[in-house]
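Read the structure below first, then the notes.
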Amino acid sequence: MPRKGRPSPLPRPKGSGPRREGSNMWQRYKTIFVSLIVLFVLLISTTVIVPETHQAVVIRAGEPVRVINRFDPSQEFGATGAGVSWRIPIYERVQMVDRRILDLDMRGETVLSNDQQRLEVNAYARYRIFDPVLFVERARSEENLTDQLEPILSSALRQELGRRTFASLLTPERGNAMTNIRDTLDAEARGYGAQIIDVRIKRADLPQGRPLDAAFERMRSERQEMAETIRAGGRRDAQIIQAEAEADAARIYAEAYNQDADFYDFYRAMESYERAFGPLRQGENPDDVGESSIILSPDNDYLRQFRRGGR
1 MPRKGRPSPL PRPKGSGPRR EGSNMWQRYK TIFVSLIVLF VLLISTTVIV PETHQAVVIR
61 AGEPVRVINR FDPSQEFGAT GAGVSWRIPI YERVQMVDRR ILDLDMRGET VLSNDQQRLE
121 VNAYARYRIF DPVLFVERAR SEENLTDQLE PILSSALRQE LGRRTFASLL TPERGNAMTN
181 IRDTLDAEAR GYGAQIIDVR IKRADLPQGR PLDAAFERMR SERQEMAETI RAGGRRDAQI
241 IQAEAEADAA RIYAEAYNQD ADFYDFYRAM ESYERAFGPL RQGENPDDVG ESSIILSPDN
301 DYLRQFRRGG R
């Protein structure tokens, strides 16, 4: 029983208080909250953000219908179609395709060269996807494209290096081989919407041991033979030049003699006198010139210019 003097607390009305106020607020704004959530989900599902490094292929019912930020080699630097785009949710999906230069690495292969040398070769190719629609239809992914092109690269490498010697791979002829391999691989890659930009050999070595030593010795012998051939050609050319010069000198002497025989005899005699009787020329070492005497009769033909008194 309640104590006297204290009134008993009145019972709280059912459904009153903060809980009912929160419930009323939820009922009042529930539609707005749900609408905002649905709108946000719809916005996310319709928005496509395309980075500058990729091309976006919009696929509708399994068929590509358009491309966003397509690679164009003639496009000005800085001009891009990347950014925010739109699609129809559920009905359309988007597949991203890289528009950068990609690498195709070939696993190490053993190749037999034209001179029957076994070479351990590692190579790689660089390519770019220029037709994303054809790429999606034929390859569908970069992994599938790699699986398709790697055997072709290996086969082209075997065929091209099999026609050349190991020594030729150390000369500019190696560039021609790489060009042929690139053209062969590019013809196949274009069927998948890709373009081969470059093909390079990372390593082309002989196995360690006797084959490597024998190859180096053979290359050394070939270089020595080539050097001797060049030296022989130089000696031959020198002899030809000397013979031509002597023939020209004889012709000039003959022409001079025909023009004035007396002056020609006089000039040649003066040259002979200078060598025989003249003083030492400037720069000659006196120790290298022996003292000699020449005894001739005054009537000797060698002294006829002295008897004539010069000209």
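Residue numbers 1 to 311, in my numbering, belong to the letters of the sequence shown in order. Built from N, CA and C at the ideal position, the CB exists for glycine as well.
Give the single residue among 241, 248, 133 whose Cα lies nearest to the Cα of residue 95.
-> 133
Quick one: is residue 125 buried, meaning 16 or more other Cβ sit within 10 Å of its Cβ, or exposed?
-> buried
Drop a sphere of 10 angstroms on the beta-carbon of residue 282, count the other beta-carbons inside from all chains shown, and report buried for 16 or more, exposed for fewer.
-> For residue 282, the pLDDT reaches just 49, beneath the cut-off of 50, and the residue's location in the model is therefore unreliable, leaving the point undetermined.
Just how far apart, CA to CA, sit residue 275 and residue 241?
-> 27 Å
Report the residue from 24, 65, 145 whose alpha carbon sits nearest the alpha carbon of residue 103.
-> 145
Near residue 251, what residues of its chain come up, given a Cβ to Cβ distance below 6 Å and the 5 sequence neighbours on each side ignored?
-> none
Cα-Cα separation, residue 298 to residue 257 = 26 Å
Thinking just about the alpha-carbon of each residue, which of 180, 184, 301 is nearest to the one in residue 265?
-> 301
Distance, Cα to Cα, residue 166 vs residue 111?
-> 10 Å
Hey, could you find the ends of the beta strand (DSSP E) residue 122 is sitting in?
-> 118 to 129
Residue closest to residue 55, alpha-carbon to alpha-carbon, out of 118, 131, 162, 268 = 131
Out of curiosity, what's the CA-to-CA distance linking residue 57 and residue 44?
-> 18 Å
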